[in-house]
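Heads up: the structure comes next, in structure tokens.
In my numbering, the protein residues as written are 19 to 301.
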């Protein structure tokens, strides 16, 4: 028979206590739901007897934490909001970067615009030096003709004709005629230098001399006439930038890169470009 909770509580009285094993303990109070005696007494003591019984621990199950649907939705929306904020922030940074880069682009454009004479000078110098080298490259043929004919390198009448033709073309193309005449005088002098060097070599080494003499009238002079016209046109473009600080530098680079046929021609090239730039190629 179960001991009521009231009787169990009232059984504890003042006085000496004795101890007993757990199996001697009376049954606990009845469970109001089932009527069965409880295995868990309210105390370990009944009628001044202390029973050595371990208090059983009720079985507990860790509650499963469930995220409410509303919280999950809120979390998802929060994540989306954070992503949108990040995208917006990045877009703002990109816009600011683009805005900040605009002055830089403007400065770059301004710098490129201010530096435009250098590329123009380089292009004009390359074009003129190419024509100068092509003209000077006819010196071996002229020297070969004079080697077989015995004519001297100096030909004042022919030189005067070349200078007058160049001056007339300069006036027609609105180029400084005095400058053009000085440039063509350099071409004549450079050609004579190359011819003299070649004739000296052939005199010392006849086996290196050309076997035949070319016809200057049909081969060389038409080429020289064409180059005269093209060179004056090239000088018209170079005239606009020949005072630029980079002219001499671009001229030297163009002369270094150009290809000619013989070493004496290469050695005479500095003479041919002497007056192309206002400062001269050596500055």
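Just so it is clear, CB atoms sit at the ideal spot from N, CA and C, and this is done for glycine as well.
| Asked | Found |
| --- | --- |
| Report yes if the C-beta of residue 188 is less than 6 angstroms from at least one heavy atom of the ligand GDP; otherwise report no. | For the ligand GDP, the structure offers nothing, since it holds no ligand at all. |
| Hey, how far is the Cα of residue 245 from the Cα of residue 190? | 16 angstroms |
| Please classify residue 129: does DSSP put it in a helix, a strand, or coil? | With a pLDDT of only 45 at residue 129, under the threshold of 50, the placement of this residue in the model should not be trusted; the figure read from the coordinates follows. Residue state, collapsed to three classes: helix. |
| DSSP three-state call for residue 224: helix, strand or coil? | helix |
| Measuring straight from C-alpha to C-alpha, what distance separates residue 212 and residue 259? | 29 angstroms |
| The alpha helix (DSSP H) spanning residue 295 covers which residue range? | Counting along the chain, residue 295 falls outside any alpha helix (DSSP H), and DSSP gives it neither H nor E. |
| So residue 170 and residue 215 are in contact, right, with Cβ under 8 angstroms, and what is the actual spacing, rounded? | The Cβ separation is near 15 angstroms, so there is no contact. |
| According to the neighbour-count rule (16 or more other Cβ atoms, all chains shown, within 10 Å of its Cβ), is residue 290 buried or exposed? | buried |
| Measure the C-alpha to C-alpha separation of residue 159 and residue 229 and round it to an integer number of angstroms. | 12 angstroms |
| Counting C-beta neighbours from all protein chains within 10 Å, is the total for residue 252 16 or more, i.e. buried, or is it exposed? | buried |
| With distances taken from CA atoms, which of 266, 241, 255 is nearest residue 157? | 241 |
| State the Cα-Cα distance for the pair residue 286 and residue 237, rounded to the nearest angstrom. | 22 angstroms |
| Would you say the stretch 172-181 touches the stretch 199-210, given that touching needs at least three Cβ pairs under 8 angstroms? | yes |
| Thinking C-beta only, is residue 181 closer than 7 angstroms to residue 199? | yes |
| Taking residue 176 as part of the alpha helix (DSSP H), name the residues at either end of that continuous run. | 174-190 |
| Excluding sequence positions up to five away, which residues of its chain have a Cβ less than 8 angstroms from the Cβ of residue 88? | The pLDDT assigned to residue 88 is 49, lower than 50, so where the model puts this residue is not dependable; a value taken from the coordinates is nonetheless given after this. None. |
| Rounded to whole angstroms, what's the CA-CA distance from residue 296 to residue 277? Just pull it up for me. | 24 angstroms |
| With the cut-off set at 7 angstroms, would you say residue 195 and residue 188 are in Cβ contact? | yes |
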